[in-house]
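J.:
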Amino acid sequence: MPATRGRIMNGPYGGMGGSHYNEVHGEHNIKKIDAWGRSYSGYNVLNGFQFTWDDNYRGNLIGQKNDNIHRGFEFGDGEKINNMTVYAGDGEGYVNGFQFDTNKGRHYSIGGTEGKVNHLNNLGTGDLIGAEGRDNIHGSGEVVDNMDLYFKC
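According to the UniProt record's numbering, numbering within the sequence shown proceeds without interruption in unit steps and concludes at 153.
1. Once you ignore the five residues that flank V86 on each side, which residues in its own chain have a CB closer than 6 Å to its CB?
2. Taking only the alpha-carbon atoms, compute the straight-line gap between H70 and G6 and give it to the nearest angstrom.
3. Residue range of the beta strand (DSSP E) that V117 falls in?
4. Write down the C-beta distance between D145 and Y94 rounded to the nearest angstrom, noting that I regard them as a contact closer than 8 Å.
5. So, are the CB atoms of I30 and G48 less than 8 Å apart?
6. My assumption, with CB atoms under 8 Å, is that T102 sits in contact with E74. Please give the rounded CB distance.
7. Identify every residue that forms a DSSP beta bridge with I129.
8. Looking at the unbroken beta strand (DSSP E) that takes in Q64, where does it start and where does it end?
9. Compare the C-alpha of G111 against each of E142, R38 and D55 and name the closest.
10. What first and last residue would you give for the beta strand (DSSP E) that runs through residue 161?
11. On the DSSP letters alone, give me the boundaries of the beta strand (DSSP E) that R7 sits inside.
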């Protein structure tokens, strides 16, 4: 889990489909997550997500929305991620879902729990700052195919 430019990367998680995305906004912390789930090829998966950072900049929609399975989360002042798990195929398939707990005792989850269980080992300060599809071939399409997650050092 390399650290570059004040970031710690966890990942990649998921498969080999989709297109590249890079949802990082400098070193700003993510303030709000909007995410959508869906059933896809018989599995519950992460259909899409969109971040809003602490300066109210709203990023791109990655994947697609499904208003039937929408879950939002807004971080409070000083709220950080204590632990996080990503469920995804191991070099194949999709990102099924993810969940985390915060230092304020709150829990968030979206999508399914099928696939490989990936406990993120290095969350840095606990401040989530972004996500990226690992190259210009793999990332997101109809669903989120793969992701790297970035935390502040």
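All residues carry an ideal CB built from backbone N, CA and C; glycine is no exception. In this text, all values refer to a predicted model and were calculated from it rather than measured experimentally.
T.: From the atom records:
1. Indexing the sequence shown from 1 puts residue 86 at position 86. Counting only residues of its own chain and dropping the five nearest sequence neighbours on each side, V86 has a CB closer than 6 Å to the CB of Y13, F98 and N118.
2. Residue 70 sits at position 70 when you count from the first residue of the sequence shown. Residue 6 sits at position 6 when you count from the first residue of the sequence shown. C-alpha separation (whole angstroms): 31 Å.
3. One-based indexing of the sequence shown puts residue 117 at position 117. V117 -> beta strand (DSSP E) spans K116 to H119.
4. Sequence index remark: in the sequence shown, residue 145 carries index 145 (1-based). Sequence index remark: in the sequence shown, residue 94 carries index 94 (1-based). At roughly 6 Å, the Cβ-Cβ gap stays under 8 Å, so D145 and Y94 are in contact.
5. Reading the sequence shown from its first residue, position 30 is the one you call residue 30. Reading the sequence shown from its first residue, position 48 is the one you call residue 48. No, the pair does not count as a contact, with Cβ atoms beyond the cut-off.
6. Taking the first residue of the sequence shown as position 1, residue 102 is located at position 102. Taking the first residue of the sequence shown as position 1, residue 74 is located at position 74. About 11 Å; that fails the 8 Å criterion.
7. To locate residue 129, count along the sequence shown from 1; it is residue 129. I129 is not bridged to any residue.
8. By one-based count along the sequence shown, residue 64 stands at place 64. Looking at the DSSP string, Q64 is not in any beta strand (DSSP E), and its letter there is neither H nor E.
9. Counted from its first residue, the sequence shown places residue 111 at position 111. Ranking E142, R38 and D55 by CA distance to the CA of G111 puts R38 first.
10. With the chain covering 1 to 153 only, the question about residue 161 has no answer from this structure.
11. For this step, residue 7 is matched to residue 7 along the sequence shown. That run of the beta strand (DSSP E) goes R7 to G14.
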